[in-house]
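Those letters in the sequence shown? Residues 1 to 72, per the working numbering, in order.
The structure appears below as structure tokens.
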Amino acid sequence: MSWAQIRQASRHGLGYEKIARNAIRAAIPAHITEDVDLIAFRFCGRAPMVGYKLGGTFYIVWLDRVYTLYPH
């Protein structure tokens, strides 16, 4: 899928959602600066993987299998 297709997809399907930095219940690595948007994609059913997009690449920072990283 292209990033354009992903942006148009449902956030609980193949799309993504932005997660507010203050909603994250874990330490955010220092290399992820304030201007970087954190986004969640779904994997393994509906569990989110959270990370950031840089250029055309998505970097995974957390796998939230038990839904405790941020309020859902």
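All C-beta atoms, glycine included, are put in the ideal place defined by N, C-alpha and C.
For the ligand COA, any of its heavy atoms closer than 7 Å to the Cβ of residue i?
i	result
I39	You won't find the ligand COA in this model; it holds no ligand whatsoever.
Report the residue from the options whose alpha carbon sits nearest the alpha carbon of residue i.
i	options	result
A17	T68, M49, T57 and V66	The question names Ala, but residue 17 in the sequence shown is Glu. E17 has its Cα closest to that of M49, out of T68, M49, T57 and V66.
Y52	A23, D35, Q8 and A26	D35
A20	A30, R42, D37 and P29	D37
Taking the alpha-carbon positions, what's the residue i to residue j distance?
i	j	result
A26	V61	11 Å
Q8	S2	10 Å
T68	T33	22 Å
I24	Y70	5 Å
A4	G45	22 Å
R65	A40	12 Å
Could you tell me if residue i is buried or exposed, where buried requires 16 or more neighbouring beta carbons within 10 angstroms of its beta carbon?
i	result
A30	exposed
F43	exposed
Minimum length 3: unbroken beta strand (DSSP E) runs contained in the region 11 to 37: 16 to 19
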